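Participant: Have a look at this one.
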Ligand code: GLU
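Residue numbers (the numbering used here): 8 to 455.
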């Protein structure tokens, strides 16, 4: 890896010292800093004003106990987090993740990514993230409700339509948002629709929000292909994961004429040469909350592979939509060897730094999640707009807005990459474009 600009190196060392042991947060910061050399050389005021250091320090971090009672009557204790990273562009905005791997470092990496992602959308939203080490897997609806109610009994005092607007992420979907919103409404005695996004369509949610991250990812990848005079038509696509992002990435890739041949969950990956059966996948994962082993039972031509890597499956377009650091250097080498031409991140930071380097060196078109998966949060901002005006838009209009936003992000990334001397490099484009927007706002708002 190229050495960091000395000013950036100094700031990075402060970040390391201040946040010991938070490997994913360090990784997310370093990945941004590696793009910023040309920016701070052109605009030294960003260093002199310590804008960058201010951006690396969250405005507020909340950690709290979440006690609840399981179905056997046992008292369970989880830990809750909300890291409110930056509100210079708008209220803190970002999802909640419920997964046993959640800790402060993970939430900080996600919150840091979120501020750049949200800036890229061009919408008035700051960045934050939260969650808990609670594992919803295998829990009854009543247990999930008890947990969500306890979680919100602390969180409610920190959030609000103009303060901080959480949404879903891994382990938090429509069911959890419903229980969280219900408890917020009960405690505050306010029907404050704009306090959470990802709500159900009958109670303040936006059309296309559920589909938005996956659809937006494919729209972004389509722009990348288009820039090279190509399209999704006839492409072989591999999508890792099988949650909300993956399912709707599969759906839109199919609509654009691609064949999706593999997807995965924590038990392994499915290869289905006939093309993933989307309705069956939705039934197994969304309706039954089951495992991919159940998909294979209903689909004789498909096989479940429990060893090795999904990135060994030959494809033209790879869409990592599972979780952080799932696509490592070996996986990137395998993708390059098999001729993949596009990798676009549906998850947050699924590609390791070494893997990113392999892909960029091999001239694979690579889109970082902060650009490619921003359709989810952008549609959350559209949900906030509808809530603020007590309106409800059609599917067609909302999807058009999403497509326009993804084209705008692609355009901003491409032109910023050109401006800072790295044409075609979406990592540089995404980091520099969002950083300049954020740093200018940090300077404009004074020392706060
Ligand atoms: N968790 C999603 C993300 O990573 C969505 C956040 C939101 O809608 O606020 O961007």
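Just so you know, even glycine gets a beta-carbon here, dropped at the ideal spot from N, CA and C.
Note that the structure is a prediction, hence the values are computed from the model and not measured.
(1) Assign residue 347 to buried or exposed, taking buried as 16 or more other Cβ atoms, counted over all protein chains shown, within 10 Å of its Cβ.
(2) Do the region 357–369 and the region 332–343 meet, that is, are 3 or more Cβ pairs less than 8 Å apart?
(3) Roughly how many angstroms separate the alpha carbons of residue 310 and residue 351, rounded to a whole number?
(4) Taking only the alpha-carbon atoms, compute the straight-line gap between residue 227 and residue 82 and give it to the nearest angstrom.
(5) Quick check: is any heavy atom of ligand 1 less than 8 Å from the C-beta of residue 357?
(6) Would you kindly work out how many angstroms separate the C-alpha atoms of residue 214 and residue 173, rounded to a whole number?
(7) Using only CA atoms, which one of 252, 260, 169 and 230 lies nearest to residue 241?
(8) Report the option in 185, 290 and 18 whose CA atom is closest to the CA atom of residue 254.
(9) Got a sec: does ligand 1 put a non-hydrogen atom nearer than 8 Å to the Cβ of residue 115?
(10) Just the C-alpha distance for residue 20 and residue 439, rounded to the nearest angstrom, thanks.
(11) Short of 6 Å in beta carbon distance, which residues of its chain neighbour residue 140, apart from the five on each side in sequence? Order them along the chain.
(12) Give me the residue from 274, 296, 267 and 275 with the minimum Cα distance to residue 285.
(13) Evaluate residue 98 with the Cβ neighbour count: other Cβ atoms within 10 Å of its Cβ, from every protein chain shown; 16 or more gives buried, anything less gives exposed.
(14) How big is the Cα-Cα spacing for residue 232 and residue 431?
(15) Does the Cβ-Cβ distance between residue 115 and residue 376 come in under 9 Å?
(16) Note down, in chain order, each residue of its chain lying with its Cβ closer than 7 Å to the Cβ of residue 75, except the 5 sequence neighbours on either side.
(17) Among 399, 391 and 379, which residue has its Cα nearest to the Cα of residue 410?
(18) Between 171, 111 and 181, which lies nearest to residue 25 when the distance is taken from Cα to Cα?
(19) Can you tell me whether residue 121 sits near ligand 1, meaning its C-beta is under 8 Å from at least one heavy atom of the ligand?
(20) Grouping DSSP H, G and I as helix and E and B as strand, with all else coil, what is residue 79?
(21) Assuming residue 305 contacts residue 270 under a Cβ cut-off of 8 Å, what Cβ separation, rounded to an integer in Å, is found between them?
(22) Is the beta carbon of residue 102 closer than 9 Å to that of residue 175?
(23) Near residue 325, what residues of its chain come up, given a Cβ to Cβ distance below 6 Å and the 5 sequence neighbours on each side ignored?
(24) Please report the straight-line C-alpha distance between residue 367 and residue 374, rounded to a whole angstrom.
(25) Using DSSP with H/G/I as helix, E/B as strand and the rest coil, what is residue 109?
(26) Helix, strand or coil: how does DSSP classify residue 276 here?
(27) Around the C-beta of residue 210, are 16 or more other C-beta atoms found within 10 angstroms, so that it is buried, or is it exposed?
(28) Just the Cα atoms here: how many angstroms apart are residue 298 and residue 217?
(29) Just list the residues that DSSP pairs residue 84 with in beta bridges.
Facilitator: Quick look at the numbers:
(1) Residue 347 comes out buried.
(2) Put simply, the region 357–369 touches the region 332–343. At least three CB pairs are less than 8 Å apart.
(3) A direct Cα-Cα distance of roughly 25 Å separates residue 310 from residue 351.
(4) Cα atoms of residue 227 and residue 82: separation of roughly 45 Å, rounded to the nearest angstrom.
(5) Flag unset: Cβ of residue 357 not near ligand 1.
(6) Their Cα atoms are separated by approximately 18 Å.
(7) Comparing alpha carbon positions, the residue from 252, 260, 169 and 230 closest to residue 241 is 260.
(8) The shortest Cα separation from residue 254 among 185, 290 and 18 belongs to 290.
(9) Taken from the Cβ of residue 115, every heavy atom of ligand 1 lies 8 Å or farther away.
(10) Using only the alpha carbons, I get a separation of about 21 Å.
(11) The residues are 85, 86, 107 and 109.
(12) The residue with the shortest Cα to Cα distance from residue 285 is 267.
(13) Buried, by the Cβ-count rule.
(14) Going by the C-alpha atoms only, they are around 12 Å apart.
(15) Not a contact, by the Cβ cut-off of 9 Å.
(16) Excluding residues within five positions, the ones whose Cβ falls inside 7 Å are 83, 153, 154 and 157.
(17) Among 399, 391 and 379, the Cα nearest to that of residue 410 is on 379.
(18) By alpha-carbon distance to residue 25, the top candidate from 171, 111 and 181 is 111.
(19) Yes; taking the cut-off as 8 Å, the Cβ of residue 121 has a heavy atom of ligand 1 nearer than that.
(20) Under the three-state reduction of DSSP output, residue 79 falls in the coil class, being neither helix nor strand.
(21) Not really, about 14 Å apart at Cβ, beyond 8 Å.
(22) Going by beta carbons, residue 175 and residue 102 fall inside the 9 Å limit.
(23) Once the five neighbours on either side are set aside, the close Cβ partners of residue 325 are 245, 342, 347 and 350.
(24) Rounded to the nearest angstrom, the gap between the Cα atoms of residue 367 and residue 374 is 10 Å.
(25) Coil.
(26) The answer is strand: DSSP assigns residue 276 an E or B state.
(27) With fewer than 16 other Cβ atoms inside 10 Å of its own Cβ, residue 210 counts as exposed.
(28) So the two alpha carbons sit approximately 20 Å from each other.
(29) Bridge partners of residue 84: 74.
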